[in-house]
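Colleague: Just so you know, full-length UniProt numbering puts the end of the sequence shown at 338, numbered straight through with nothing missing. Ideal Cβ positions, reconstructed from N, Cα and C, are used throughout, including at glycine. Since the structure is predicted, the reported quantities are computational estimates derived from the model, not experimental observations.
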Amino acid sequence: MSAHPPILSVVVPCFNEEEVLPETARRLDELFHRLIDEGMVDPQSRVYFVDDGSRDLTWSLIGGLHRGNPRFGGIKLSRNRGHQNALLAGLLSVPGDMVLSIDADLQDDLTAIERMLQAAAGGADIVFGVRSDRSSDTFFKRMTAQGYYSLIGKLGVEIVSNHADFRLMSRRAIEALRDYNETNLFLRALIIQLGFATAIVTYERSERFAGTSKYPLRKMLSLAVQGVTSFSIQPLRAITWLGLAVSIVSFLLGIWALLSALTLGSTVSGWASTVIPIYMICGVQMLCLGIIGEYIGKIYIETKRRPRFHIEAALGGAEVYAGGRLDLADKPLTRVES
Ligand code: UDP
Ligand code: MG
């Protein structure tokens, strides 16, 4: 490693994670000891837990961890804003040369972090943690994930398959991220927009070691829709093509009906041939209006430019960067306060 190892900040979004926090903190502290001993990160490196409006003991546990060990800092959001916003709040608020994001349940493999740091030392600004297999997932999740990655790729959204939010970013990549102000966040695709040199590190994802998933099907679906509507207008274009195709077909049908009336002198009268197309076209129209509505709703929300999160409290120097761009050169990262 280089003579000056980077100061690493680890950002851990937490929503009702009292069951996993103590063990997660213990394992991360262990990892930090190892990384510091090996000279891979600076001893000032920290872990920042972002409490995403938890209703359990998460924040008081974070406070306890911070008092017990300056390695741990924290950020408390004023309410639950969802995983993506909590992650963003952390990324934009912590100091450090490199910032790593990881889930609180440690499903992502800690031993991959060392390889990620090596990739960064080799020149990558962004290192994506990519799952090498999905055997720890249910059959349903595996199939839907695969279908989703292929769909989103066809719609023209650039994305790294099997990468979620386990990621290492350099300070300049984080600062570039600050310039994106969208409310509808889908970070894994947004970060590809930044450019810079990227690298991939594969790892095996394990099961959540305690507690239950904070991502029910409803949240998963909404994130999936977000991924499409935030980065692709292909669905809108598809509506245009569909409309065109239906118009052409009905126009040809009209001509056929006219010709057959003129030449054969008789037309087939039928209920099904009249009513079914009406239902069908109505259905297609409503679906299309719904898709257009999704985008209009998005425009409505984005035009408000509402803040994406409010930080209620911060521990361990996280507030150094909170709320705006600061002159990095003027901010030594030596503060530890309680
Ligand atoms: N999370 C969050 N806010 C939320 C939901 C989840 O900060 O509203 C965090 C959660 O604490 C965890 C991460 O997002 O650290 C991923 O959630 P989880 O592990 O429950 O998702 P899964 O792995 O089941 O998809
Ligand atoms: Mg998880």
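Which residue wins for smallest C-alpha separation from serine 206, given the options Glu38, Leu110, Phe139 and Met169?
Modeller: The candidate whose alpha carbon is nearest that of serine 206 is Leu110.
Colleague: Just list the residues that DSSP pairs glycine 195 with in beta bridges.
Modeller: Its beta-bridge partners do not exist; DSSP assigns none.
Colleague: What's the call for valine 11, buried or exposed, on a 16-neighbour Cβ count within 10 Å?
Modeller: Buried, because 16 or more other Cβ atoms sit within 10 Å of the Cβ of valine 11.
Colleague: Are there 16 or more other CB atoms within 10 angstroms of the CB of lysine 331, so buried, or fewer, so exposed?
Modeller: Bear in mind that the predicted position of lysine 331 carries a pLDDT of just 42, short of 50, making it unreliable; the figure below should be weighed with that in mind. Its Cβ having fewer than 16 others within 10 Å, lysine 331 is exposed.
Colleague: Name the DSSP bridge partner or partners of leucine 100?
Modeller: In DSSP, leucine 100 forms a bridge with Val10 and Leu168.
Colleague: Leaving out the 5 sequence neighbours to the left and right, which residues in its chain are closer than 6 Å to glutamate 337 when beta-carbon positions are compared?
Modeller: In this prediction, glutamate 337 has a pLDDT of 41, which is less than 50 and means its spatial position is unreliable; nothing more can be read from the coordinates.
Colleague: When we look at the beta-carbon of tryptophan 59 and count the other beta-carbons within 10 Å, is it buried (16 or more) or exposed?
Modeller: By the neighbour-count rule (16 or more Cβ atoms within 10 Å), tryptophan 59 is buried.
Colleague: By the DSSP assignment, the alpha helix (DSSP H) with isoleucine 248 in it spans what residues?
Modeller: Residues 234-263.
Colleague: Is serine 93 near the ligand MG - that is, is its Cβ less than 7 Å away from at least one heavy atom of it?
Modeller: No, Cβ of serine 93 sits at least 7 Å from all heavy atoms of the ligand MG.
Colleague: When you compare only the Cα positions, how much space is there between cysteine 282 and tyrosine 295?
Modeller: Cα-Cα distance, rounded: 20 Å.
Colleague: With a threshold of 7 Å (Cβ to nearest heavy atom), would glutamine 44 be considered close to the ligand MG?
Modeller: It does not: the Cβ of glutamine 44 is nowhere closer than 7 Å to a heavy atom of the ligand MG.
Colleague: Could you tell me which of Pro5, Glu204 and Leu21 sits nearest to aspartate 105, measuring between CA atoms?
Modeller: Out of Pro5, Glu204 and Leu21, Leu21 has the C-alpha closest to the C-alpha of aspartate 105.
Colleague: Can you list, in chain order, the residues of its chain whose CB lies under 6 Å from that of glutamine 84, leaving out five sequence neighbours each side?
Modeller: Around glutamine 84: Leu185 and Leu187.
Colleague: Inspect the CB distances between the region 152-171 and the region 192-207 and report whether three or more fall short of 8 Å.
Modeller: Output reads yes: the region 192-207 touches the region 152-171.
Colleague: Can you list, in chain order, the residues of its chain whose CB lies under 8 Å from that of tryptophan 241, leaving out five sequence neighbours each side?
Modeller: Same-chain partners within the cutoff: there are none.
Colleague: Name the two residues that bound the continuous alpha helix (DSSP H) containing leucine 315.
Modeller: It is not in any alpha helix (DSSP H) - leucine 315 instead sits in the beta strand (DSSP E) that spans 311-315.
Colleague: Tell me which residue opens and which closes the beta strand (DSSP E) that valine 130 is part of.
Modeller: Here the beta strand (DSSP E) through valine 130 covers 126-131.
Colleague: In the DSSP assignment, what are the bridge partners of arginine 46?
Modeller: Arginine 46 pairs with Ser9.
Colleague: Below 7 Å, is the gap between the Cβ of arginine 206 and the nearest heavy atom of the ligand MG?
Modeller: The question names arginine, yet the displayed sequence has serine at residue 206. Outside the cutoff, so no.
Colleague: Taking only three categories from DSSP, how would you classify residue 406?
Modeller: Outside the displayed range of the chain (1 to 338) lies residue 406, so it cannot be described from this structure.
Colleague: Hey, is histidine 163 close to the ligand UDP, as in C-beta under 7 Å from one of its heavy atoms?
Modeller: Histidine 163 Cβ: outside cutoff for every heavy atom of the ligand UDP.
Colleague: Across which residues does DSSP place histidine 163 in a beta bridge pair?
Modeller: Paired residue(s): Val130.
Colleague: Measuring straight from C-alpha to C-alpha, what distance separates methionine 286 and threonine 144?
Modeller: Those two C-alpha atoms are separated by around 25 Å.
Colleague: At a cut-off of 7 Å, would you count histidine 83 as near the ligand UDP, judging by its Cβ distance to the nearest heavy atom?
Modeller: Histidine 83: yes, Cβ under 7 Å from the ligand UDP.
Colleague: Using a Cβ-Cβ cutoff of less than 8 Å, which residues in the same chain neighbour glycine 96 once the five nearest sequence positions on both sides are dropped?
Modeller: These residues qualify, in order along the chain: Pro6, Ile7, Leu8, Ser9, Ser45, Arg46, Arg171 and Leu333.
Colleague: Please state the DSSP three-state secondary structure of aspartate 51.
Modeller: It is a strand residue.
Colleague: If you run the structure through DSSP and keep just helix, strand and coil, what is valine 336?
Modeller: In this prediction, valine 336 scores a pLDDT of 41, lower than 50, which makes its location untrustworthy; no coordinate-derived value is stated.
Colleague: With three or more beta-carbon pairs closer than 8 Å as the criterion, would you say the region 148-157 touches the region 114-131?
Modeller: Touching, no, given that fewer than three Cβ pairs across the two stretches are closer than 8 Å.
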